[in-house]
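Below is one structure, written out as structure tokens; the observations come after it.
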Ligand SMILES: Cc1cc2nc3c(=O)[nH]c(=O)nc-3n(C[C@H](O)[C@H](O)[C@H](O)COP(=O)(O)OP(=O)(O)OC[C@H]3O[C@@H](n4cnc5c(N)ncnc54)[C@H](O)[C@@H]3O)c2cc1C
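Numbering (my numbering), first residue to last: 5 to 377.
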């Protein structure tokens with residue numbers, strides 16, 4: 005039973021946001037920037053965010069060539085361009101909001117390693133650059149000289165070609181979320197952790213949000229930003245979870261790999277981190293069925309596959325040891341588009357990022373906020 009004081013001061017808000025991943029935090033940031041005096045509460049079930057936003061690889065990316073070519077075949081040129089544009093705009097907005105010092109952002113560039121060169125590939129890269137000029141005004145991708153493969157130390161009998169991307173960058177995921185949380189707290193947004201939302205009800209005059217099966221909070225408007233965990237509330241949505249597994253090596257002497265790398269249509273990705281270490285993740289395509297899960301654990305199958313690719317393709321001449329492994333959960337829709345929509349007059353959804361949330365997350369937060377302003 006709540007006290008008079010608790011009822012007065014703790015449970016009533018203008019806006020409640022469920023989920024403190026990058027989308028929930030960006031939604032709150034858009035709202036508080038516009039309405040500095042509104043009462044805003046973020047409810048997060050974890051001690052810190054427990055989905056993808058603190059588990060990701062920190063690639064500030066918008067798609068590599070084979071992935072974007074696949075997108076064109078699957079969703080068409082216009083939809084591909086729209087997504088790339090939103091990712092790029094999101095990244096720019098994030099960099100403006102927090103500054104690169106606070107996210108550790110560096111425009112390192114990236115390379116896609118091509119293992120099997122697709123037919124007419126050079127021509128397709130030219131076409132892709134032509135399309136992307138609408139967003140970047142310059143060529144994004146370039147086929148690099150073949151000696152680069154040796155310079156990075158990759159197995160050149162497997163790596164047939166490298167395609168560079170000058171616009172991609174990397175950041176420090178931990179710094180990004182820590183500083184986004186601090187940014188909001190400084191502006192007076194309240195964040196409560198260990199608060200699982202069990203259900204919510206729109207009474208038209210406002211929304212009631214039940215937390216930990218114990219306390220009902222009230223808000224004029226609510227934003228649900230739980231990404232892959234949205235099916236808990238709306239099982240009819242076509243959102244499928246997709247687990248991502250990652251490993252980090254111990255420091256490696258004379259490591260030549262710097263920047264971001266992708267291969268296999270973006271299903272695998274690696275970068276340098278920490279003290280000359282490699283962060284390597286992916287392999288979901290090895291077991292789509294098994295990886296369509298919200299279980300946040302690693303599996304031997306995927307981690308062994310990552311280790312194998314490290315020793316055969318990426319670090320064929322180095323001895324390495326694994327320092328740690330982890331997993332996080334992404335969310336996918338059939339048309340590759342995030343879902344931003346009202347589900348009743350006072351409740352909005354901002355979910356299903358389809359990966360690349362570091363870049364698109366700020367944009368989706370902004371759109372989510374706009375729907376309940
Ligand atoms: C291993 C891995 C690597 C990745 N690498 C990259 C990368 O390099 N670059 C990139 O751009 N993207 C990457 N991504 C994707 C990116 O991290 C996501 O797209 C993005 O973080 C999604 O943000 P979000 O806020 O929508 O969801 P989330 O970060 O999942 O946040 C949702 C939050 O909702 C909370 N929640 C869920 N249910 C409830 C409830 N009932 N009550 C209260 N809280 C609840 C969860 O605990 C969670 O904190 C990666 C993802 C993974 C898993």
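Backbone N, C-alpha and C define an ideal beta-carbon position, used for all residues, glycine too.
Please confirm if the segment 364-375 is in contact with the segment 20-37, defined as three or more CB-CB distances below 8 Å between the two stretches.
yes
Exposed unless 16 or more other CB atoms sit within 10 angstroms - verdict on residue 268:
For the purposes of this step, residue 268 is taken as the residue at position 264 of the chain shown. Buried.
Whole angstroms are fine: how far does the CA of residue 165 sit from the CA of residue 186?
Reading the chain shown from its first residue, position 182 is the one you call residue 186. Reading the chain shown from its first residue, position 161 is the one you call residue 165. C-alpha separation (whole angstroms): 43 Å.
Since residue 20 and residue 28 are thought to touch, with beta carbons under 8 Å apart, how far apart are those beta carbons, to the nearest angstrom?
In the chain shown, counting from the first residue as 1, residue 20 sits at position 16. In the chain shown, counting from the first residue as 1, residue 28 sits at position 24. Contact flag wrong, Cβ pair sits at about 10 Å.
Do you know offhand how far residue 144's Cα is from residue 54's?
As a first step, residue 144 must be located in the chain shown, where it is residue number 140. As a first step, residue 54 must be located in the chain shown, where it is residue number 50. Computed Cα separation, rounded: 34 Å.
Given a cut-off of 8 Å, decide if residue 80 and residue 321 are closer than it, judged by their beta-carbon atoms.
On the chain shown, residue 321 is found 317 positions in, with the first residue counted as 1. On the chain shown, residue 80 is found 76 positions in, with the first residue counted as 1. Contact: no.
Mapping the DSSP letters down to three states, classify residue 363 as helix, strand or coil.
In the chain shown, the residue the question calls residue 363 occupies position 359. Helix.
Comparing C-alpha positions only, which one of 181, 128 and 67 sits nearest to residue 104?
The residue you call residue 104 lines up with position 100 of the chain shown. Comparing Cα positions, the closest option is 181.
Which residues in the same chain have their Cβ closer than 6 Å to the Cβ of residue 203, if we skip the five residues on either side of it in sequence?
As a first step, residue 203 must be located in the chain shown, where it is residue number 199. Excluding sequence neighbours, residue 203 sits near 214.
Applying the criterion that 16 or more other CB atoms from any shown protein chain within 10 Å of the CB defines a buried residue, is residue 366 buried or exposed?
The residue given as residue 366 occupies position 362 in the chain shown. Under this definition residue 366 is a buried residue.
Contact between the segment 327-334 and the segment 249-260 is defined here as three or more beta-carbon pairs at a separation below 8 Å; is this criterion met?
yes
Quick one: does the C-beta of residue 40 sit closer than 7 Å to a heavy atom of ligand 1?
Here residue 40 refers to the residue found at position 36 of the chain shown. Because no heavy atom of ligand 1 lies under 7 Å away, the Cβ of residue 40 does not count as near it: no.
Determine whether the beta carbon atoms of residue 66 and residue 91 lie at a separation below 8 Å.
Stepping through the chain shown from its first residue, residue 66 is reached at position 62. Stepping through the chain shown from its first residue, residue 91 is reached at position 87. Against a cut-off of 8 Å, the Cβ pair of residue 91 and residue 66 comes out as a contact.
Compute the minimum distance between the beta carbon of residue 57 and the heavy atoms of ligand 1, and state whether it is under 7 Å.
Position 53 of the chain shown holds residue 57. Yes.
What separation, rounded to the nearest whole angstrom, lies between the Cα atoms of residue 304 and residue 172?
Counting from one through the chain shown, the residue named residue 304 turns up at place 300. Counting from one through the chain shown, the residue named residue 172 turns up at place 168. Cα to Cα, the separation comes out at about 31 Å.
Can you tell me the Cα-Cα spacing of residue 264 and residue 210, whole angstroms?
Position 260 of the chain shown, counted from the start, is the residue given in the question as residue 264. Position 206 of the chain shown, counted from the start, is the residue given in the question as residue 210. Taking the straight line joining both Cα atoms gives about 46 Å.
Between residue 220 and ligand 1, is there a pair consisting of the residue's CB and a ligand heavy atom that are separated by less than 7 Å?
One-based indexing of the chain shown puts residue 220 at position 216. It does not: the Cβ of residue 220 is nowhere closer than 7 Å to a heavy atom of ligand 1.
Does DSSP classify residue 299 as helix, strand or coil?
Within the chain shown, the letter at position 295 stands for residue 299. The DSSP-derived three-state label of residue 299 is coil.
Any non-hydrogen atom of ligand 1 closer than 7 Å to residue 414 Cβ
The requested residue 414 does not occur in the structure, where the chain is confined to residues 5 to 377.
CA-CA distance, residue 220 and residue 11?
As a first step, residue 220 is located in the chain shown; it is residue number 216 there, counting from the start. As a first step, residue 11 is located in the chain shown; it is residue number 7 there, counting from the start. One C-alpha to the other measures close to 10 Å.
Is residue 63 near ligand 1 - that is, is its Cβ less than 7 Å away from at least one heavy atom of it?
In the chain shown, counting from the first residue as 1, residue 63 sits at position 59. Indeed, a heavy atom of ligand 1 lies less than 7 Å from the Cβ.
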